[in-house]
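Just below is one structure, and these are the notes that go with it.
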(Lines of atoms letter the chains of each structure in order from A and count residues from 1; the text may use other names and numbers.)
(Lines give C-alpha, C1' and ligand atoms only; values in the text may rest on other atoms or scores of the structure.)
Protein backbone atom coordinates (compact mmCIF):
# COMPACT_ATOMS: atom_id res chain seq x y z
CA UNK A 1 0.00 0.00 0.00
CA UNK A 2 1.01 3.55 -0.71
CA UNK A 3 -0.06 6.44 1.48
CA UNK A 4 -0.28 9.96 0.11
CA UNK A 5 -0.51 13.24 1.97
CA UNK A 6 -1.18 16.49 0.14
CA UNK A 7 -0.08 19.84 1.42
CA UNK A 8 -2.65 22.37 2.49
CA UNK A 9 -4.13 24.32 -0.40
CA UNK A 10 -5.46 27.77 0.12
CA UNK A 11 -7.06 30.89 -1.18
CA UNK A 12 -5.27 32.79 -3.91
CA UNK A 13 -6.25 35.65 -6.19
CA UNK A 14 -6.64 35.11 -9.88
CA UNK A 15 -3.29 35.46 -11.58
CA UNK A 16 -1.47 34.22 -8.51
CA UNK A 17 0.59 31.13 -7.87
CA UNK A 18 0.46 28.21 -5.51
CA UNK A 19 2.51 25.06 -5.08
CA UNK A 20 1.02 21.81 -3.87
CA UNK A 21 3.03 18.88 -2.66
CA UNK A 22 2.22 15.20 -2.33
CA UNK A 23 4.34 13.13 0.03
CA UNK A 24 4.32 9.39 -0.50
CA UNK A 25 5.09 6.65 2.01
CA UNK A 26 4.75 2.91 2.20
CA UNK A 27 5.50 0.76 -0.84
CA UNK A 28 6.75 3.71 -2.88
CA UNK A 29 9.06 1.49 -4.91
CA UNK A 30 5.99 0.07 -6.61
CA UNK A 31 4.73 3.42 -7.90
CA UNK A 32 4.55 3.69 -11.69
CA UNK A 33 3.13 7.18 -11.88
CA UNK A 34 1.77 9.93 -9.70
CA UNK A 35 -0.91 12.27 -10.85
CA UNK A 36 -2.76 15.31 -9.66
CA UNK A 37 -6.50 15.29 -10.17
CA UNK A 38 -9.08 17.87 -9.31
CA UNK A 39 -12.78 17.99 -8.75
CA UNK A 40 -14.75 21.18 -8.92
CA UNK A 41 -18.24 21.43 -7.41
CA UNK A 42 -20.75 19.63 -9.56
CA UNK A 43 -18.11 18.30 -11.92
CA UNK A 44 -16.33 15.01 -12.41
CA UNK A 45 -12.84 14.44 -11.17
CA UNK A 46 -10.33 15.16 -13.91
CA UNK A 47 -6.64 14.56 -14.45
CA UNK A 48 -4.59 17.73 -14.18
CA UNK A 49 -1.04 16.46 -14.56
CA UNK A 50 0.93 13.27 -14.14
CA UNK A 51 4.53 12.16 -13.99
CA UNK A 52 5.76 8.62 -14.44
CA UNK A 53 8.74 6.68 -13.17
CA UNK A 54 11.04 7.89 -15.96
CA UNK A 55 10.00 11.50 -15.57
CA UNK A 56 7.64 11.81 -18.51
CA UNK A 57 4.84 14.23 -17.88
CA UNK A 58 1.44 14.98 -19.32
CA UNK A 59 -1.00 17.78 -18.67
CA UNK A 60 -4.61 18.60 -19.22
CA UNK A 61 -5.01 21.11 -22.03
CA UNK A 62 -6.59 23.57 -19.62
CA UNK A 63 -3.41 23.84 -17.55
CA UNK A 64 -0.67 23.48 -20.13
CA UNK A 65 1.81 26.31 -19.87
CA UNK A 66 0.56 27.27 -16.42
CA UNK A 67 1.06 24.19 -14.25
CA UNK A 68 4.23 22.16 -13.80
CA UNK A 69 4.49 18.77 -12.17
CA UNK A 70 7.82 17.68 -10.76
CA UNK A 71 9.22 15.21 -8.29
CA UNK A 72 11.93 14.88 -5.69
CA UNK A 73 12.77 11.20 -5.44
CA UNK A 74 14.88 11.62 -2.32
CA UNK A 75 11.94 13.22 -0.51
CA UNK A 76 9.39 10.90 -2.15
CA UNK A 77 7.41 13.99 -2.99
CA UNK A 78 5.67 15.22 -6.10
CA UNK A 79 4.91 18.88 -6.61
CA UNK A 80 2.37 20.77 -8.63
CA UNK A 81 3.42 24.33 -9.31
CA UNK A 82 0.43 26.36 -10.39
CA UNK A 83 0.83 29.79 -11.97
CA UNK A 84 -1.52 32.27 -13.60
CA UNK A 85 -4.35 30.73 -11.64
CA UNK A 86 -7.87 31.24 -12.86
CA UNK A 87 -11.17 31.19 -11.04
CA UNK A 88 -12.00 27.99 -12.90
CA UNK A 89 -9.01 26.28 -11.27
CA UNK A 90 -10.96 26.29 -8.03
CA UNK A 91 -11.36 22.68 -6.94
CA UNK A 92 -10.32 20.02 -4.51
CA UNK A 93 -7.00 18.69 -5.71
CA UNK A 94 -6.14 15.05 -5.16
CA UNK A 95 -2.89 13.17 -5.45
CA UNK A 96 -3.02 9.70 -6.96
CA UNK A 97 -0.40 6.98 -7.14
CA UNK A 98 -0.63 4.16 -9.61
CA UNK A 99 1.25 1.11 -8.39
CA UNK A 100 0.59 -1.87 -10.61
CA UNK A 101 -3.11 -2.68 -10.37
CA UNK A 102 -3.50 -0.55 -7.27
CA UNK A 103 -4.48 3.08 -7.05
CA UNK A 104 -3.97 5.14 -3.93
CA UNK A 105 -5.52 8.52 -3.27
CA UNK A 106 -4.76 11.34 -0.92
CA UNK A 107 -7.57 12.99 1.01
CA UNK A 108 -7.53 16.07 -1.17
CA UNK A 109 -6.80 19.71 -0.59
CA UNK A 110 -8.95 22.69 -1.46
CA UNK A 111 -7.66 25.38 -3.76
CA UNK A 112 -9.84 28.44 -4.12
CA UNK A 113 -9.06 31.11 -6.69
CA UNK A 114 -10.84 34.40 -6.18
CA UNK A 115 -11.54 37.00 -8.84
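Numbering (the working numbering), first residue to last: 2 to 116. By construction, the Cβ of each residue, glycine as well, lies at the ideal position given by its N, Cα and C atoms.
- The beta carbon of residue 111 lies closer than 7 Å to those of 10, 93 in the same chain, with the five residues before and after it left out.
- Residue pairing by DSSP places residue 74 opposite no residue, since no beta bridge is assigned to it.
- Look at residue 63 here: in three-state DSSP terms it is coil, with no helix or strand label.
- With fewer than 16 other CB atoms across the displayed protein chains lying within 10 angstroms of its CB, residue 55 is exposed.
- With a threshold of 16 other beta carbon atoms within 10 Å, residue 103 falls short and is exposed.
- By the beta-carbon neighbour count (other beta carbons within 10 angstroms, threshold 16), residue 74 is exposed.
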